Amino acid sequence: MSKVNDFLTEAGVFFLATTDGAQPKLRPLGLHIEMDGKVIFGIGDFKDVYKQIKANPLVEIVACKPDSHWMRYTGRAVFETDGKYAEAALDAAPDLRKIYNEQTGFRLAMFHLEDAKAVEIVIAGEGTELI
159 MSKVNDFLTE AGVFFLATTD GAQPKLRPLG LHIEMDGKVI FGIGDFKDVY
209 KQIKANPLVE IVACKPDSHW MRYTGRAVFE TDGKYAEAAL DAAPDLRKIY
259 NEQTGFRLAM FHLEDAKAVE IVIAGEGTEL I
């Protein structure tokens, strides 16, 4: 999982694909942590993306690095129930505490991918499996 985490860190911004009914939805994200052998992502529990993942947990993440390598990370999103993951994410990105706190009532929902595959691809090249 460290290879996936390192790739996402180097890319900075990555894109999460979900579906809203039959309509694909794509949005940029940047929040991720590596903990307990998993790469864990955070989204707001008040956002449409959260509802979309709850309705259909099959998602894909795509990240691109400046060296023209990109990664496709696909799997089934499983939400974490232990609050330690959200706390660790908020510690890693403290500005998010302005959004996710008791005053706003917004909660950071954390998830990881199960049954996942990650492939690193060079533009015009063949992919290399990372996990």
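Mapping of the sequence shown onto our numbering: position 42 corresponds to residue 200, and the numbering continues sequentially without gaps. No residue lacks a Cβ here, since even glycine has one placed at the ideal position from N, Cα and C. In this text the structure is predicted, and so the values were computed from the model without any measurement.
Pairwise C-alpha distance: residue j and residue i
i, j, result
"E168", "K223", "6 Å"
"I281", "A180", "29 Å"
"T176", "D249", "27 Å"
"H190", "A276", "15 Å"
"I219", "F264", "24 Å"
"I198", "K242", "11 Å"
"E178", "D203", "Looking at the sequence shown, residue 178 is not Glu but Asp. Going from the Cα of D178 to the Cα of D203 covers about 16 Å."
"E192", "S160", "7 Å"
"E287", "G200", "24 Å"
"L271", "T232", "7 Å"
"L266", "D225", "32 Å"
"V207", "G195", "24 Å"
"L254", "I279", "32 Å"
"E239", "H227", "In the sequence as displayed, the identity of residue 239 is Thr instead of Glu. Taking the straight line from one Cα to the other gives about 33 Å."
"Y258", "G170", "21 Å"
"L187", "K205", "13 Å"
Residue burial classification, residue i (beta-carbon count within 10 angstroms, cutoff 16)
i, result
"K183", "exposed"
"Q261", "exposed"
"E284", "exposed"
"E245", "exposed"
"V162", "buried"
"A213", "exposed"
Bridge partners - residue i, DSSP secondary structure assignment
i, result
"Y243", "None; Y243 has no bridge partner."
"L254", "BP columns for L254 are empty, so no partner."
"T167", "In DSSP, T167 forms no bridge with anything."
"A276", "Y231"
"Q181", "D178"
Assumed close pair residue i, residue j - CB separation to whole angstroms, cut-off 8 Å
i, j, result
"K269", "I211", "The sequence given here has Phe at residue 269, not Lys. About 7 Å separates the two Cβ atoms, so the contact holds."
"F173", "R185", "7 Å"
"R234", "D273", "5 Å"
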